[in-house]
Amino acid sequence: MTTTIIIIICLIFLTAYFFDLTSSRTRIPSVILLLLFGWGIKQLFVFLKIEIPSLTTVLPVLGTIGLILIVLEGSLELELNKKKLPIIGKSIIVSLLPMLILSFIIAFLFQYVGQFSFKDSLINAIPFCIISSAIAIPSVKNLPKSNSEFIIYESSLSDIFGIIIFNFIALNETINTHSFINFTIQILIIVIVSFIATIGLSILLSKSKHHIKFVPIILFVILIYATSKVYHLPGLVFVLLFGLFIGNIDEFKQFKWLKIFDTENLNTEVQKFKNIVIEATFLIRTLFFVLFGYLIETAEILNTETLVWSIGIVAGIFIVRFIFLKFTKLPVTPLLYIAPRGLITILLFLAIAPSQSISFVNKSLIIQVIIITSLVMMIGIMQTKEIKDRKTL
Numbered sequence: 010m011t012t013t014i015i016i017i018i019c020l021i022f023l024t025a026y027f028f029d030l031t032s033s034r035t036r037i038p039s040v041i042l043l044l045l046f047g048w049g050i051k052q053l054f055v056f057l058k059i060e061i062p063s064l065t066t067v068l069p070v071l072g073t074i075g076l077i078l079i080v081l082e083g084s085l086e087l088e089l090n091k092k093k094l095p096i097i098g099k100s101i102i103v104s105l106l107p108m109l110i111l112s113f114i115i116a117f118l119f120q121y122v123g124q125f126s127f128k129d130s131l132i133n134a135i136p137f138c139i140i141s142s143a144i145a146i147p148s149v150k151n152l153p154k155s156n157s158e159f160i161i162y163e164s165s166l167s168d169i170f171g172i173i174i175f176n177f178i179a180l181n182e183t184i185n186t187h188s189f190i191n192f193t194i195q196i197l198i199i200v201i202v203s204f205i206a207t208i209g210l211s212i213l214l215s216k217s218k219h220h221i222k223f224v225p226i227i228l229f230v231i232l233i234y235a236t237s238k239v240y241h242l243p244g245l246v247f248v249l250l251f252g253l254f255i256g257n258i259d260e261f262k263q264f265k266w267l268k269i270f271d272t273e274n275l276n277t278e279v280q281k282f283k284n285i286v287i288e289a290t291f292l293i294r295t296l297f298f299v300l301f302g303y304l305i306e307t308a309e310i311l312n313t314e315t316l317v318w319s320i321g322i323v324a325g326i327f328i329v330r331f332i333f334l335k336f337t338k339l340p341v342t343p344l345l346y347i348a349p350r351g352l353i354t355i356l357l358f359l360a361i362a363p364s365q366s367i368s369f370v371n372k373s374l375i376i377q378v379i380i381i382t383s384l385v386m387m388i389g390i391m392q393t394k395e396i397k398d399r400k401t402l
């Protein structure tokens, strides 16, 4: 039995690696193939009458670690300088304002149709309005740098804003001045913690002579995120700031206190660290999406009761996105199509307290929205390739 499990795990990772290798040619995002692969494994096990213990509780753990690593990987890839300020500004606008507008529209519909409280409706609406960096970032690596860079910023910020807003609404019984004061204090605390932790981890990265240092740093990042979550602090802010700082250390040379680092050595170590993060992200992302695909029930995908809601929500997502892309004068193609829902949608859905859940929002609706937005993204990316090929001809 042990040998069989080892063989299955190796085959899963090697298949995922093959999907990753071929995605640049097929333009089919590897995460779509991983979901299908996981679903296919489930059908095979059912056919062979192989019983597997429930793996549902593993999904949030893999999802949280995957989210941290994906945001860290994305932030390490980003350049931070004055030339990037316009794209950062546009990323903030397109990640935040459409999320707020869409959340209120969906919440109003939930309240109007189901007679739920507006607060509960809003809590259930927010997960649908957040772009999944876990799906978006790996899917755009073959697009032009300007497009992929925008998506990395936008999707990472979308995750951060989404979690902050969700926790703010869900954890405050009443929204008043006191709530906003506490919220401001939490943001200040995480910024201070991020600064101290980033300096500490950067010193460890540049000064440590021990042959094992990259894995402990990743573990420290996960630990700080998990600890911040206990105190309801937006830990992804720390992950993003840490990645941006060590990935752009040369941009901060004018600050005298940076002399505590050996910047040349740090740049070398950061490159090695980045490679380790990429490898670790691949492993966790593979496990998460294969497991999520495995846990998908065919009946949930084909549930006609939620299909109208899912199509309506997806239509709203792309209409609002189109308006804001036009407003910010960003290229509609292919950016319009790259608005997948995924890992963060699942995590927030699972985080909704039973007392705050509403009947409209169930696993079927979540899965349908994730699949439809992922398919739209896949078609959009493939169409972009066809347009490029025609221009080349």
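Its first residue numbered 10, the sequence shown is counted upward by one per residue in the working numbering.
Each residue gets a CB set at the ideal place from its N, CA and C atoms; glycine is no exception.
Bear in mind the structure is a predicted one, so any value in this text is a computation, not a measurement.
Positions of the alpha helix (DSSP H) runs, each at least 4 residues long and wholly inside the stretch 253-321, are given as 272-304 and 307-310 in order along the chain.
If you look at Y234, you'll find it in the alpha helix (DSSP H) that goes F223 to V239. Residue environment: V329 is assigned as buried (16 or more neighbouring CB atoms within 10 Å of its CB, all protein chains considered). With respect to the C-alpha of S142, the residue from F251, I355 and V317 having the closest C-alpha is I355.
By the neighbour-count definition (other C-beta atoms within 10 Å, threshold 16), K99 is a buried residue. For the set V67, Q392, M108 and Y162, the Cα lying nearest the Cα of P343 is the one of Q392. The criterion of a C-beta distance shorter than 8 angstroms is satisfied by S84 and G252.
A distance below 6 angstroms between beta-carbons, with the five flanking residues on each side excluded, links K238 to the following residues of its chain, in chain order: G244. Annotation: F369 to I194 spans about 34 angstroms, alpha carbon to alpha carbon. Inter-residue distance for F54 and G75 is about 26 angstroms (C-alpha atoms, whole angstroms). G321 sits exposed, since fewer than 16 C-beta atoms from the chains shown fall within 10 Å of its C-beta.
Taking a C-beta distance under 8 angstroms as the contact criterion, L359 and P69 qualify as a contact pair. In this structure, the beta-carbon distance from H219 to L180 does not fall below 8 angstroms. In the structure shown, H220 adopts coil according to DSSP, grouped into three states.
Put simply, the backbone Cα of I79 is about 28 angstroms away from that of K335. Under the three-state reduction of DSSP, L23 is assigned to helix.
For L352, the three-state secondary structure derived from DSSP is helix. Judged by DSSP in its simplified three-state form, Y346 adopts coil rather than helix or strand. Rounded to whole angstroms, the Cβ separation of V323 and I381 is 5 angstroms, and the two are in contact under 8 angstroms. Scanning the stretch 73-132 from its first residue to its last, the whole alpha helix (DSSP H) runs of 4-plus residues come out as 94-123. Here the alpha carbon of T65 sits roughly 36 angstroms from the alpha carbon of I205.
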